Every structure is written in structure tokens, then in C-alpha cells.
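Quick notes on the structure that follows.
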Amino acid sequence: MQTGLISFAAFFLGGGLMSYWWTPHYTNTTYVLSHNITQSSIVMENVTQKLLQCQANLTAIKQDFNNVQENFVYFKKEVTESFTGLKSEVSNVNNGITGTIEGVKEEMKEDYLLLKRDLQILTGTKQIHDNNFNEEIKDLHHRIITSVFQQEEVEIKPFLLEKTDPDGKDIPRCQFIFVFVDFNKTNVILENPGDKRLVTVQACMKMIADVFVIYTRDRDSSHLGDGTLYNKDLSAFTGHFLLKELTAKNRGLSVNDTFTQYQKSHIRKIVLEK
1 MQTGLISFAA FFLGGGLMSY WWTPHYTNTT YVLSHNITQS SIVMENVTQK LLQCQANLTA
61 IKQDFNNVQE NFVYFKKEVT ESFTGLKSEV SNVNNGITGT IEGVKEEMKE DYLLLKRDLQ
121 ILTGTKQIHD NNFNEEIKDL HHRIITSVFQ QEEVEIKPFL LEKTDPDGKD IPRCQFIFVF
181 VDFNKTNVIL ENPGDKRLVT VQACMKMIAD VFVIYTRDRD SSHLGDGTLY NKDLSAFTGH
241 FLLKELTAKN RGLSVNDTFT QYQKSHIRKI VLEK
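Residue numbers for the sequence shown, in the numbering used here: 1 to 274.
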């Protein structure tokens, strides 16, 4: 403020004096401005370098992002294909499991039916089935076997076999099975392999039951002596491979229309002692 007053006063006294004071001040001002510009240039150069570095960093980040995006698309494709393949495999496995379950269910059903019939022999009373092949004389067969157990608590169920049953699925399960075969002119009791009566006896022997074969209406069996279970003239009892096996175990008998007392005692002893 003081310098300004002096300069203004010097203007009226003389131009030379005014010039002396003003010029140094102008020079000094110019120097200050020049110094500030130099500092500003340095700062701007640093800012420019940093901006260029930022630009380079952004370019690198952009490239990395593009790579990530490409990888994501690739992995998405891979995952989609893998999921589709897995879904197909799961579908195939499900189909296989369904088929297996159905097969197991069918096997379990058959096993259950067989087990159900097997459990019948575990009751407190004796159970006997008299199996026969002739509708007309099934009553005779039933009467022959029931005469053995007139005073004992033994359950006897008649069963007429109308068709060949090699697996024994239709034959009731019980503790004892008496297979009745009716008289024929050739005295064939059990036929050749594959025939109805033989297949039936074989199926019964596969069960837990004790199997007897009874040949009925043989007149020469009416008066068998004590210790005799069948008519010795019937060669089938010792000639047929399966009947021979049963005869050796005292399970082959022949009768006319009723058992002898010895035959009754023999059967009753086996049944009641088991």
C-alpha cells in the first residue's frame, strides 16, 4: 500500500522517478509467474504419466475380463454338456433299476408263495395231502387214508391234480403227501421222465414233505401179510428208478380198497412220531 502512494506521487513530480520504482516491481512479478508455471509443468507431467499408467492398467484389466468372460462361456458349455450327459446316464440307470426292481418283486412274490405254503407244516396238528389224478375215485383215495387216523388229530386234505406241475406251485405244501395212483392193466405206477405222475412225485420230493406213493385197486394187495407193504409181483416198486428209491425208504405201498392193519400201523408210526 505504501509503494502505491509513492508511485502515484512520483508521477506528478517526474516521469523518471516513476519509472524507477515501477520497473523493478514488474520484473519481480514476472519472475514469480515464471516460477509458478515451471512448477505447474512438472505437476502436469506427473499427472500425464499417471494417467497413461492408469490407461495401461485399464487395458490390462479389460483384457483379463475378456479372458474371464471367454472362460466362463467355455465352462458353461462344458457344464451344460456334462449335465446333459449325466441326466441321460441317470435316466438309463433309473430304467435299469426299474427293470431290476420288477424282476426282484416277481422273484420275491414266488418266494413268498412258496414260503407261505412251507409255513403250513409248522402248525400244531399233522397235515396230510392225498394227491390223486382221477376225479371218479378220489373219494376212495380219501377214504383209504382217513381210515388210518380215525382216532388221531390229523388234518387230511384231498387234492386233485388236473395238470402237470413240475415246479409244484399248485400242489399244497404240508408235512406228508400221499400220491395215489390208480390201477391200470400194465401196472405202470410211475411213467417215464416228463410224464404227469412222475413229474408230480419229483415236484413233491423237492418240497419238505415226506412223500408216499400208493398204488390202489390192486386185488392181489388185499391180503398182504405182516411186514409187507406192497405186492411183490409188482415189479415197478423195485424196477422204476424213482419208485425204487421210495420203496427202499418204506414209502411205496400197494392196496386194494383199504390198508391192511400192518400198513396202517406203519403209516401211523411214521406220521405221529414226526
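Ideal Cβ positions, reconstructed from N, Cα and C, are used throughout, including at glycine.
Nothing here was measured: the structure is a model prediction, and the numbers come from that model.
C-beta contact flag for F237 and G252 at 7 Å: Against the sequence shown, residue 237 aligns to sequence position 237. Against the sequence shown, residue 252 aligns to sequence position 252. Yes.
Through-space distance from T100 to V271, alpha-carbon basis: Stepping through the sequence shown from its first residue, residue 271 is reached at position 271. Stepping through the sequence shown from its first residue, residue 100 is reached at position 100. C-alpha separation (whole angstroms): 43 Å.
Top-ranked residue by Cα proximity to D309, from E102, F72, D139 and I267: What the structure shows of the chain is the stretch from 1 to 274, and residue 309 is not part of that stretch, so it cannot be assessed.
Residue burial classification, F65 (beta-carbon count within 10 angstroms, cutoff 16): Taking the sequence shown and counting its residues from 1, the one referred to as residue 65 is at position 65. Counting Cβ neighbours within 10 Å, F65 comes out exposed, since fewer than 16 surround it.
CB-CB length for V181 against Y230, believed under 8 Å: Taking the sequence shown and counting its residues from 1, one reaches residue 181 at position 181. Taking the sequence shown and counting its residues from 1, one reaches residue 230 at position 230. About 12 Å separates the two Cβ atoms, so there is no contact after all.
Extent of the continuous alpha helix (DSSP H) run through S254: For the purposes of this step, residue 254 is identified with residue 254 of the sequence shown, where counting begins at 1. Per DSSP, S254 belongs to no alpha helix (DSSP H); it is in the beta strand (DSSP E), G252 to S254.
Contact between the region 191-209 and the region 217-224 (3+ Cβ pairs under 8 Å): no
Identity of the residues DSSP links to V79 by a beta bridge: Residue mapping note: residue 79 aligns to position 79 of the sequence shown, counting from 1. DSSP output for V79 lists no bridge partner at all.
Bridge-paired residues (DSSP) for F72: As a first step, residue 72 must be located in the sequence shown, where it is residue number 72. Note: F72 sits in no beta bridge, so no partner.
Neighbourhood of H240 by C-beta, 6 Å cutoff - its chain only, sequence neighbours within 5 removed: Walking along the sequence shown from the start, residue 240 turns up at place 240. Contacts found: L190.
Exposure of I177, with buried meaning 16 or more beta-carbon neighbours within 10 Å: To locate residue 177, count along the sequence shown from 1; it is residue 177. It counts as buried.
Limits of the alpha helix (DSSP H) - the one that F241 falls within: Against the sequence shown, residue 241 aligns to sequence position 241. Its alpha helix (DSSP H) spans residues F241 to A248.
Alpha-carbon spacing of K185 relative to R217, whole angstroms: Residue numbering aside, residue 185 sits at position 185 when the sequence shown is read from its first letter. Residue numbering aside, residue 217 sits at position 217 when the sequence shown is read from its first letter. Cα to Cα, K185 sits roughly 11 Å from R217.
Between the CA atoms of A203 and S235 - distance to the nearest angstrom: As a position in the sequence shown, residue 235 is number 235, starting the count at 1. As a position in the sequence shown, residue 203 is number 203, starting the count at 1. Those two C-alpha atoms are separated by around 23 Å.
Cβ neighbour criterion (16 or more within 10 Å) applied to L58: As a working note, residue 58 is residue 58 in the sequence shown. With fewer than 16 other Cβ atoms within 10 Å, it is exposed.
Q175 burial status per 10 Å Cβ neighbour count (16 or more: buried): Locating residue 175 in the sequence shown gives position 175, counting from the first residue. It counts as buried.
Which residues DSSP lists as bridging F65, in chain order: Looking up residue 65 in the sequence shown gives position 65. In DSSP, F65 forms no bridge with anything.
Reference N250, options T228, D257, F259 and Q55, closest by Cα: Counted from its first residue, the sequence shown places residue 250 at position 250. Measuring from the Cα of N250, the nearest candidate turns out to be T228.
Assigned exposure category for T80 - 16 Cβ within 10 Å defines buried: In the sequence shown, the residue the question calls residue 80 occupies position 80. Under this definition T80 is an exposed residue.
Continuous alpha helix (DSSP H) stretch holding C204: start and end: The sequence position of residue 204 within the sequence shown is 204, counting from 1. That run of the alpha helix (DSSP H) goes K196 to M205.
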